[in-house]
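Trainee: The numbering of the sequence shown is the working numbering, which starts it at 1 and goes up by one.
We treat Cβ as the ideally placed atom computed from N, Cα and C, and that holds for glycine.
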Amino acid sequence: MAQPASSSSLNQAQQPTTAASYLDLGITLAINNWPALTMAVQSNWGGPTSSDKRDWLCGAISEMINERPETDAIDLEDVLIQVMNDEFDVVVDDESTGPVAAQIMAIREQTAMGDFALVQEMWEAWQKKSQTRDNVAAAFQRVEAEDDNQETDDDEEDDDEDVDMGDAPELVRAPREKVEPEVDEDGFTKVVGKKRR
Numbered sequence: 001m002a003q004p005a006s007s008s009s010l011n012q013a014q015q016p017t018t019a020a021s022y023l024d025l026g027i028t029l030a031i032n033n034w035p036a037l038t039m040a041v042q043s044n045w046g047g048p049t050s051s052d053k054r055d056w057l058c059g060a061i062s063e064m065i066n067e068r069p070e071t072d073a074i075d076l077e078d079v080l081i082q083v084m085n086d087e088f089d090v091v092v093d094d095e096s097t098g099p100v101a102a103q104i105m106a107i108r109e110q111t112a113m114g115d116f117a118l119v120q121e122m123w124e125a126w127q128k129k130s131q132t133r134d135n136v137a138a139a140f141q142r143v144e145a146e147d148d149n150q151e152t153d154d155d156e157e158d159d160d161e162d163v164d165m166g167d168a169p170e171l172v173r174a175p176r177e178k179v180e181p182e183v184d185e186d187g188f189t190k191v192v193g194k195k196r197r
């Protein structure tokens, strides 16, 4: 009898940690999937530490939700708008903060009940997206490598067709004719610009 009681208390002790981990993951995925913030980070609108600022925002939202249980979607939306303005110098006017805040609140509610399906779906979608991005990058690298090989092949073919030529003659400047100064009837010498000589 003692063993089932200890295993149930162990599960209860692990469940908040698991729920907290899923909540943190869900917040991170929601923030990283937000197009306005993604563009700001990729464009370094927050400076060279833009990605660090995004990571900080994820932690700050998690901390805010855990420390202030009364936090709602409107509070989150205000924080998102303020951080975008303060840290990235971006005024978000596309109303995208509302859905992001609502998604984070839905993640909070579901993880609190032990339902991690939404976060798992988001994670799987993120992995597929990352895998697709990696495949595209690999395709570009492969084509680039093939192009390098083609250039090498062309160079080798050109070597066979080269014709030896003698040295190019040295360039010699043509001697300039000295222009005689014009003296007018009063005895003044006319000044002529270099272009008119």
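1. What are the boundary residues of the alpha helix (DSSP H) that MET64 is part of?
2. In this structure, how does DSSP classify GLU182 when only helix, strand and coil are distinguished?
3. Cα separation between ASN85 and SER51?
4. Leaving out five residues before and five after ASP24 in sequence, what residues of the same chain have Cβ atoms less than 7 Å from its Cβ?
5. For GLU177, name the three-state secondary structure that DSSP assigns.
6. Would you call GLY166 buried or exposed, if buried means 16 or more other Cβ atoms sit within 10 Å of its Cβ?
7. Nearest to ARG68 by CA position, among SER21, ALA36 and ARG108, is which residue?
8. Using the beta-carbon count (16 or more within 10 Å), is GLN12 buried or exposed?
9. Applying the criterion that 16 or more other CB atoms from any shown protein chain within 10 Å of the CB defines a buried residue, is ALA117 buried or exposed?
10. Going by beta-carbon coordinates alone, are ILE74 and THR97 separated by less than 8 Å?
11. Who are the near neighbours of LEU57 in its chain, counting only those whose CB is closer than 7 Å to its CB and skipping five residues on each side?
12. Taking just the CA atoms, how far does TRP45 sit from LEU76?
Mentor: Inspection of the coordinates gives the following:
1. 50-67
2. strand
3. 15 Å
4. SER62
5. coil
6. exposed
7. ARG108
8. Low confidence applies here, because GLN12 scores a pLDDT of 37, under 50, leaving its location unreliable; read the following figure in that light. Counting Cβ neighbours within 10 Å, GLN12 comes out exposed, since fewer than 16 surround it.
9. exposed
10. no
11. ILE31 and VAL83
12. 21 Å
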